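Numbering (full-length UniProt numbering), first residue to last: 5 to 237. All residues carry an ideal CB built from backbone N, CA and C; glycine is no exception. No experiment lies behind these values; they were computed from the predicted model shown.
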Amino acid sequence: APIIQAHGIFKGYETETGHLRILKGISTAFRTGEVVSIMGPSGSGKSTLLGILGTLDLPTAGHLFIQGQDVTRLSESRLAGYRASKIGFVFQSYNLISTMTALENVMLPMLSAEGKTRRQMRQRAMDLLELVGMKERMHHLSPRLSGGQQQRVAIARALANEPLVVIADEPTGNLDRKTGEVILELIFSLRDRLRTTFILATHDPYVASVSDRVIHLSDGKIEQVVENRVNRT
Ligand code: ADP
Ligand code: ADP
């Protein structure tokens with residue numbers, strides 16, 4: 005069974021000139037451990053869709069089921085708690101806090117979750133940094149790290165609360181090709197080890213070519229879905 009199911013998602017905004025429709029009936033599903041790319045021209049609605057799949061934003065119409073639960077029916081405060089415990093986020097520009105070390109950045113999401121002592125948080129953050137190959141730089145402030153290193157730390161941070169799914173908006177967008185490939189290899193090794201689902205918005209044909217599935221968006225609709233048969237799920 006899919007862990008995430010989008011059902012007839014519409015999203016629109018009210019503007020001075022009327023109702024602007026961005027997503028126009030998106031239905032799709034994601035399985036545990038899948039790496040799925042969302043591609044499409046600028047303005048086709050990729051970021052808007054990621055925001056809805058990540059429960060940062062609610063659809064105008066339609067439903068989002070995560071583990072069978074309709075999250076569009078949760079109150080804003082319950083949704084925030086839900087998001088913090090189930091969903092990790094990775095960004096094009098890493099978005100690490102520059103005054104904190106790698107270790108502190110990875111511990112940060114754990115502070116808002118229940119049930120761990122400070123010592124356990126620190127241990128888990130170190131384990132995650134080891135998993136992404138950044139343990140020896142754990143005390144570095146993030147601006148002292150290269151782009152690829154910052155993205156590794158950001159991925160470790162996204163995994164802090166053992167999410168079901170990591171949502172990544174252009175994760176290789178600021179990286180050179182080689183570094184982007186290394187980040188993708190990391191994502192696949194994490195998927196294999198942790199069975200985390202990754203949903204990536206990307207313009208990068210390389211990212212799409214190695215993903216298990218590619219969803220092509222055009223003008224707020226799914227234009228085409230390509231299953232890459234050589235996938236590793
Ligand atoms: P993509 O990520 O594919 O480039 P986006 O989802 O960012 O596409 O944007 C799709 C369209 O939605 C764009 O035309 C953008 O200007 C518009 N849009 C996004 N957010 C808002 C908003 N809060 N209010 C009005 N229009 C928006
Ligand atoms: P178009 O103008 O692109 O030909 P329509 O305006 O006829 O399409 O809308 C197509 C369908 O999508 C209609 O059934 C409409 O009710 C539905 N729809 C459009 N926008 C939304 C929205 N924001 N929320 C829910 N349903 C919507």
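- Residue pairing of Val-170 in beta bridges, as defined by DSSP: Gly-92, Phe-202.
- Within the DSSP secondary-structure output, Phe-34 pairs in a beta bridge with Ile-8.
- A distance below 8 angstroms separates the beta carbons of Pro-63 and Ile-56.
- Only residues of its own chain outside the window of five on either side were considered, and among them Leu-204, Thr-206, Val-211, Ala-212, Ser-215, Val-218 have a CB closer than 6 angstroms to the CB of Ser-41, listed in chain order.
- Between Asp-208 and Thr-176, the C-beta gap is smaller than 8 angstroms, which places the two residues in contact.
- As a beta-bridge residue in DSSP terms, His-67 pairs with His-11.
- Across the structure, Tyr-86 and Arg-233 are spaced so that their CA atoms are roughly 33 angstroms apart.
- When the alpha-carbon of Ser-116 is set against those of Ala-88, Ile-226, Met-142, the nearest one is in Ala-88.
- Here the segment 97 to 113 makes contact with the segment 132 to 142; the two share three or more CB pairs at distances below 8 angstroms.
- By alpha-carbon distance to Val-169, the top candidate from Gln-127, Ile-91, Gly-16, Ser-79 is Ile-91.
- The shortest CA-to-CA distance from Val-75 to any of Glu-118, Gly-119, Ile-8, Val-230 is the one to Ile-8.
- By the Cβ neighbour-count rule, Pro-113 is buried, with 16 or more other Cβ atoms within 10 Å of its own.
- Three or more Cβ pairs closer than 8 angstroms define a contact, and the segment 91 to 100 meets that threshold against the segment 156 to 174.
- At a cut-off of 7 angstroms, the beta-carbon of Ile-26 counts as near ligand 1: some heavy atom of the ligand is closer than that.
- The Cβ atoms of Gly-12 and Gly-37 do not sit closer than 8 angstroms to each other.
- In the three-state reduction of the DSSP assignment, Leu-83 falls in the helix class, which pools H, G and I.
- Distance check between Pro-6 and each of Lys-225, Asn-165, Leu-68 places Leu-68 closest, using alpha-carbon atoms only.
- Excluding its 5 nearest sequence neighbours in each direction, Thr-103 has C-beta neighbours in its own chain below 8 angstroms: Leu-145, listed in chain order.
- When DSSP states are grouped into helix, strand and coil, Glu-108 belongs to the helix group.
- The criterion of a C-beta distance shorter than 8 angstroms is satisfied by Asn-178 and Ser-97.
- In this structure Met-138 touches Ala-160 by the C-beta definition: roughly 7 angstroms separates them, less than 8 angstroms.
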